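Below is one structure; the comments refer to it alone.
There are 2 protein chains.
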Amino acid sequence: MQTYQRIVLAARPKGGVSPSDFRLETVSVPEVGDGQLLIRNHYLSLDPYMRMRMEDIKSYAAPQAIDEVMVGGTVGEVVASKHPKFAVGDRVVGMLGWSEMGLSDGTLLKKVDGSHVPLSAYLGVVGMPGMTAWYGLNHILKLKPGQTLAVSAASGAVGSVVGQLAKLQGCRVIGIAGGKAKCDLVINEFGFDACIDYKAGNLFKDVKAAAPDGIDGLFENVGGVVMDAVLHQMNPYGRIALCGMISGYDGQPMPVHNLHKVLSMRLMVQGFIITEHLDLWSQGLSELGQLVASQQLKYRETVSEGLASAPEAFIGLLRGKNIGKQLVKLV
Amino acid sequence: MQTYQRIVLAARPKGGVSPSDFRLETVSVPEVGDGQLLIRNHYLSLDPYMRMRMEDIKSYAAPQAIDEVMVGGTVGEVVASKHPKFAVGDRVVGMLGWSEMGLSDGTLLKKVDGSHVPLSAYLGVVGMPGMTAWYGLNHILKLKPGQTLAVSAASGAVGSVVGQLAKLQGCRVIGIAGGKAKCDLVINEFGFDACIDYKAGNLFKDVKAAAPDGIDGLFENVGGVVMDAVLHQMNPYGRIALCGMISGYDGQPMPVHNLHKVLSMRLMVQGFIITEHLDLWSQGLSELGQLVASQQLKYRETVSEGLASAPEAFIGLLRGKNIGKQLVKLV
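Chain order of the listed sequences is H and X. Just so it is clear: in the first sequence, position 13 is 13 by the working numbering, and no numbers are missing. For any residue, its number in the working numbering is found by taking its place in the second sequence, counting from 1, and adding 1000.
Below you can see the structure in the form of structure tokens.
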């Protein structure tokens, strides 16, 4: 293999993301220098945070640069190495971006064992999304058994884990998702107590009916009207882990109208970014891995084939077309 | 005096509060029974929270009942007593409502000393509003010297105290208020570093210019676009004490558009109600009283004359017509 393909950001989105905001490039496989290794990626992770990086705004991370490889988590196999800690054949998780191959000096690269859980799971349930769920639930929400948790984007890579972990802790868990198929999965596969289809047109009424004793914790991935509907049912001293606001990422702003509930119910809202809590990853991933291995924690993947499919798959993710973790299979 | 006057809630507001939502009544002075005392109120406190109580919604307190005396803090003098702990002539702070007189069994009544600070100050700077400022600043925001604090409704009973206390702690303090007169007072009398007139039409630009290093703490009394402008300039790990959202209390909803900053900047937002922290009142009021006595803490009052003036004064408060603490003088 003399060349490989990668996708760069061609232009910042005007309104919603368009395929023309990306450019597929074919480039030469680089020489591997001393202390470097070359990785062939098997899977690329697509995640909502990438949408924010495409904007040139002040945020927790620098904006994605134009003409540079799109940021993204990857899992793959070492195909050449002049690095003392990595050998050909090693399976590694890294941040090599929307690219079939990547050169690395080992920074942010982690060897993984593909024998207990499939390689792709290291980008999902035992990776960044799983950790996001684990941290938000255990370190921000800190619910007690019997309390009620609401989770938006409940069938997604993060939401599905949040709800299952909370059920294992003895909470009542209400999901919110888009469409009957997702809601059925959330209840039947992920074991939530209820799931509300926000597209069904009775969001506020349905949330209220599903939470007759009110809501003590909210794991928020969506924002906008979905957040408003839960805010409206929050109990005093409720806690909100603000993980994402995907409804407002790609297009129209999605204002929140019920913030006054934070005042009247004395709520706590905490925004967080999982990569700032690396000290907890080894504990969290170990717990998640054991739960997956013992089949107490289930997950779903939506897999798109080939690097060239990444832009459409990403746009689909922003529109909620995926179920569970959105991946691109590269090999 | 055989009769006295009181104001009851006649009807719940339809949109904005109207004088016709209240009714002035003349009633007989009651007999004082064993264990009771009769108080003649000198001042009535008018506060934004009263607007929320007028609605029939689930909140931290029961709604104000129709045909009952409007809720409210009062300071006055004991004029008759069959209570072992109170004597005629005692000055007392209580919650006797929009009423010239009140019968009490001593519950929630506190004797105060009018010799060091004027009686009216027990409804403001050394009362509930002062405590609200003290608690939000010291127990939620917890800023470090050199950090930047933004305070909305900066010339009000709470905001003016928040900013002065923060200045004493070595913070840079930016106020937001409505109109040049209020802003001049906030800077020249209360000693804030800057004050932005949100009515001047350049709110976002002016907040940014006043906080070149960003904002670390927000004491929020207003909500809506004022909150949005500050959210836009918040620094990572900033903290927000959500004390009030007066912009949305009396009429149109005031959505917040920049809640995504809570996520991208990993902010913490905490709603609070000062009456839930009674354990801290004696410490807080003692500190506030000493600062007032030593003239390190200044305050202003807007005083309306006579009980019948209360509805118009209250409507003015909701529209920001007051400067500092809004009171009604009854005697």
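Even for Gly, the Cβ is constructed at its ideal location relative to N, Cα and C. Only a predicted model underlies this, so the values are computations on that prediction, with no experimental measurement involved.
{"query": "Touch test, the stretch 1087 to 1104 of chain X against the stretch 1242 to 1260 of chain X, Cβ-Cβ under 8 Å, three pairs minimum", "result": "no"}
{"query": "E1077 (chain X) and G1089 (chain X) closer than 8 Å at C-beta", "result": "yes"}
{"query": "For C1195 (chain X), the first and last residue of its enclosing beta strand (DSSP E)", "result": "A1194 to D1197"}
{"query": "L46 (chain H) and V328 (chain H) closer than 8 Å at C-beta", "result": "yes"}
{"query": "Cutoff 8 Å: P236 (chain H) Cβ touching any chain X Cβ", "result": "yes"}
{"query": "Through-space distance from S1115 (chain X) to T1302 (chain X), alpha-carbon basis", "result": "21 Å"}
{"query": "N- and C-terminal bounds of the beta strand (DSSP E) containing A80 (chain H)", "result": "T74 to S81"}
{"query": "Opposing strand residues paired with R1040 (chain X) [DSSP bridges]", "result": "X:E1077 and X:M1101"}
{"query": "Residues that DSSP places opposite F1219 (chain X) in a beta bridge", "result": "X:V1151 and X:A1241"}
{"query": "Own chain residues within Cβ distance below 7 Å of L1168 (chain X), not counting five before or after", "result": "Q1296"}
{"query": "Contact check, A154 (chain H) vs G175 (chain H), beta carbons under 8 Å", "result": "yes"}
{"query": "Test item: CB-CB of A210 (chain H) and I196 (chain H) under 8 Å", "result": "yes"}
{"query": "Secondary structure of P236 (chain H), DSSP reduced to three states", "result": "strand"}
{"query": "Contact test: V1303 (chain X) Cβ vs the ligand NAP heavy atom, cutoff 7 Å", "result": "With respect to the ligand NAP, the structure shown offers nothing to examine, as it has no ligands at all."}
{"query": "Rounded straight-line distance, which links the Cα of N138 (chain H) to that of E1220 (chain X)", "result": "28 Å"}
{"query": "Span of the beta strand (DSSP E), counted from its first residue to its last, around I176 (chain H)", "result": "R172 to A177"}
{"query": "8 Å CB neighbourhood of V1230 (chain X) in its chain, flanking five on each side removed", "result": "A1150, S1152, I1176, V1207, I1215, L1218 and E1220"}
{"query": "Alpha helix (DSSP H) segment containing V1032 (chain X), residue limits", "result": "Premise fails: V1032 (chain X) is in no alpha helix (DSSP H) and is neither H nor E."}
{"query": "Distance CB(Q164 (chain H))-CB(G191 (chain H)) smaller than 8 Å", "result": "yes"}
{"query": "Given Q1326 (chain X) as reference, the closest of X:T1074, X:D1034 and X:A1061 once Cα atoms are compared", "result": "X:T1074"}
{"query": "Coil, strand or helix - G1284 (chain X) by DSSP", "result": "helix"}
{"query": "7 Å Cβ cut-off: residues of chain H touching V1256 (chain X)", "result": "P255, V256 and L259"}
{"query": "Partners in chain X for Q270 (chain H), counting only beta-carbon separations shorter than 7 Å", "result": "M1268"}
{"query": "In DSSP terms, what F22 (chain H) is bridged to", "result": "H:L9"}
{"query": "Presumed contact (8 Å Cβ cut-off) between V1173 (chain X) and A1133 (chain X), rounded CB distance", "result": "The pair is not a contact, with the Cβ atoms about 12 Å apart (cut-off 8 Å)."}
{"query": "Amino acids of chain H, ordered along the chain, whose beta-carbon sits closer than 8 Å to that of G1244 (chain X)", "result": "L263"}
{"query": "Backbone CA spacing between N41 (chain H) and K1205 (chain X) [nearest angstrom]", "result": "45 Å"}
{"query": "Which of helix, strand or coil DSSP assigns to M1227 (chain X)", "result": "helix"}
{"query": "Contact check, V1226 (chain X) vs Y1198 (chain X), beta carbons under 8 Å", "result": "yes"}
{"query": "Contact set for A166 (chain H): own chain, Cβ-Cβ below 7 Å, skip 5 residues either direction", "result": "L137, L143, L149 and V173"}
{"query": "Where the stretch 59 to 83 of chain H meets chain X: residues whose CB sits under 7 Å from a CB there", "result": "S59 and Y60"}
{"query": "Burial state of Y1237 (chain X), where buried means 16 or more other Cβ atoms lie within 10 Å", "result": "exposed"}
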